[in-house]
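Down below is the structure, laid out as structure tokens.
Protein chains: 2
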Amino acid sequence: MLTKRPDMAAMPEAPRGARDLLYLREAEIRLAQDLLFFGYRGFTQRPDRLLEELDMGRAHHRVLHFVGRRPGITVGDLLAILDITKQSLGRVLQPMIAEGYVTQAAGRSDKRQRLLSLTEKGAALERRLYDAQRDVIMQAYREAGPQAVDGFRRVMRGLMGEAAREEIDRLEKGTP
Amino acid sequence: MLTKRPDMAAMPEAPRGARDLLYLREAEIRLAQDLLFFGYRGFTQRPDRLLEELDMGRAHHRVLHFVGRRPGITVGDLLAILDITKQSLGRVLQPMIAEGYVTQAAGRSDKRQRLLSLTEKGAALERRLYDAQRDVIMQAYREAGPQAVDGFRRVMRGLMGEAAREEIDRLEKGTP
DNA sequence: GCGTTTGGTCAGCATGATTGACATATCCCT
DNA sequence: AGGGATATGTCAATCATGCTGACCAAACGC
Chain A
1 MLTKRPDMAA MPEAPRGARD LLYLREAEIR LAQDLLFFGY RGFTQRPDRL
51 LEELDMGRAH HRVLHFVGRR PGITVGDLLA ILDITKQSLG RVLQPMIAEG
101 YVTQAAGRSD KRQRLLSLTE KGAALERRLY DAQRDVIMQA YREAGPQAVD
151 GFRRVMRGLM GEAAREEIDR LEKGTP
Chain B
1 MLTKRPDMAA MPEAPRGARD LLYLREAEIR LAQDLLFFGY RGFTQRPDRL
51 LEELDMGRAH HRVLHFVGRR PGITVGDLLA ILDITKQSLG RVLQPMIAEG
101 YVTQAAGRSD KRQRLLSLTE KGAALERRLY DAQRDVIMQA YREAGPQAVD
151 GFRRVMRGLM GEAAREEIDR LEKGTP
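Chains as they are written, first to last, in the working numbering: chain A, 1 to 176; chain B, 1 to 176.
Put into structure tokens, the structure is as follows:
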């Protein structure tokens, strides 16, 4: 498949140069795939190592992160953010409650709700994970420069769906 | 933990404004975490759906991608890129060979090596996955603009380790 | 009072990762 | 030619994280 390239058949009479543009575009997209794969791995590597020592995984980190980000979040909202099933969350969340990383409190207006928050212990662990990840991000931001950071943000926002974009805006503001 | 913020104790006599800067920096890092989580999910979502229909997972996609990117790659090099164990790769790779997505050929200089390449069938599937992912990336790139794309690349490179950065350079050139 | 919503829980399954141990073929150096 | 190192494959067992379907309990709200 070394000689087969995209959309060639679809442009049998493409103008001179169009073929080269397609090659260029493909190289650009392939590079993006590689960057996302290796970059995301670099981003998760250090927290993963810390979590391993505590017999936890990335799922636990996500709970710590989003509960810390939005204290008093309901189980339902957390499920919507993580986009996993109630059962999958339960298996991670219940042990975290039992071991005192997360607390539940009945909602004041709706008593069915279990509002989730981090305990001191949970917040301390979250901060350790945050610090590890912060170092990696700060380093990348410093090397790249502020303008690059802005570009990074724009592209990442574009990669996610509309729902996730709204979720991010909500997280940035507080809890509207 | 709503009132506890980073490094406060470490800067008891910080100048006016330093405290605000720390708040700002934390918000920046938290945003980066959210962007990477939701962005990466958006990036993998469409291929994941296609793969599901064929009873494959993300691991299969990674093999198709990197073998397609570097035809004739050795098992060892692929392992180094994916950073998984031989056994983990074997469970994904062997069925793909059996079902005719990937072929093996003995290395000409070193006959121990099994040089991996995509078959027509494998390349066709890889292209379907690529096309799905390309649409998402192109959309994000178009919305963000070329300058943002450059910034995105810089930051993502910064997030990965030195080894991954070299690997990306190697992939971009060909197979040095 | 009754249907709906929120949350928890049970049993079972798939995927993709892990480790340790061992086998085979080939390479390369002495 | 011998022998250690290298490249790959394979066995068995385990773990983490996702899934489904079914069902229950409590509280809401009309």
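Beta carbons: idealized from backbone N, C-alpha and C, even for Gly.
Every value quoted in this text rests on a predicted model; they were computed, and no experiment measured them.
- Using beta-carbon distances, ALA59 (chain A) does not count as an interface residue toward chain B, since no partner is under 9 Å.
- A Cβ of chain B is located within less than 9 Å of the beta carbon of MET160 (chain A).
- Excluding the 5 residues flanking it on each side, ARG30 (chain A) has no same chain C-beta neighbour closer than 6 Å.
- About 6 Å separates the beta carbons of LEU51 (chain A) and GLY57 (chain A), which is inside the 8 Å limit, making them a contact pair.
- Against TYR40 (chain B), the close residues of chain A are LEU36, TYR40 and LEU159, in the order they occur along the chain (beta-carbon pairs closer than 8 Å).
- In the assembly as shown, GLU166 (chain B) is an exposed residue. Its beta-carbon has fewer than 16 other beta-carbons within 10 Å.
- If you look at GLN113 (chain A), you'll find it isn't in any alpha helix (DSSP H); DSSP assigns it neither H nor E.
- For the pair ALA105 (chain A) and PHE37 (chain B), the Cα-to-Cα distance works out to about 27 Å.
- Of all alpha-carbon atoms in B:HIS61, B:GLN33, B:LEU78 and B:GLU53, the one lying nearest the alpha-carbon of GLU126 (chain B) is that of B:HIS61.
- The closest CA to that of LEU115 (chain B), considering only B:GLN139, B:VAL149 and B:LEU79, is found on B:LEU79.
- Listed in chain order, the non-local C-beta contacts of VAL136 (chain B) below 7 Å within the same chain comprise GLY42, PHE43 and ARG46, local neighbours out to five positions each way being set aside.
- Under DSSP, SER117 (chain A) forms a beta bridge with A:THR103.
- Fewer than three pairs of CB atoms, one per stretch, sit closer than 8 Å, so the segment 127 to 134 of chain A makes no contact with the segment 146 to 158 of chain B.
- Rounded to whole angstroms, the separation of the alpha carbons of VAL102 (chain A) and ARG157 (chain A) is 29 Å.
- Taking the beta carbon of GLN104 (chain A) as reference, no residue of chain B falls within 8 Å; the closest one sits roughly 16 Å away.
- At least 9 Å separates the beta-carbon of VAL67 (chain B) from that of SER109 (chain B).
- Only residues of its own chain outside the window of five on either side were considered, and among them VAL149 have a CB closer than 6 Å to the CB of TYR141 (chain A), listed in chain order.
- A Cβ-Cβ contact shorter than 9 Å links LEU64 (chain B) with GLY122 (chain B).
- For MET56 (chain B), there are no neighbours in chain A by C-beta distance under 9 Å, as the nearest C-beta there is about 17 Å away.
- Think of a sphere of 9 Å around the beta carbon of GLU167 (chain A): the chain B residues whose beta carbon falls inside it are ASP34 and PHE38, in chain order.
- Across the structure, GLY39 (chain B) and TYR40 (chain A) are spaced so that their CA atoms are roughly 10 Å apart.
- Its chain contains PHE66 and GLU167 as the residues whose beta carbon lies nearer than 7 Å to that of ILE81 (chain A), once the 5 sequence neighbours on both sides are disregarded; these appear in chain order.
- Here ILE73 (chain A) is bridged, per DSSP, to A:LEU116.
- Taking each of A:ALA144, A:GLU143, A:PRO146 and A:VAL155 in turn and checking the Cα distance to PRO146 (chain B), the smallest one comes out for A:VAL155.
- For SER109 (chain B), there is no enclosing alpha helix (DSSP H), as DSSP marks it with neither H nor E.
- Under the 10 Å beta carbon count, ALA124 (chain B) is surrounded by fewer than 16 other beta carbons and is classified as exposed.
- Under the Cβ criterion of 9 Å, ALA80 (chain A) is not counted among the residues facing chain B.
- Contact between GLY100 (chain A) and THR119 (chain A) is confirmed by a C-beta separation of about 5 Å, below the 8 Å threshold.
- At least 9 Å separates the beta-carbon of ASP34 (chain B) from that of LEU93 (chain A).
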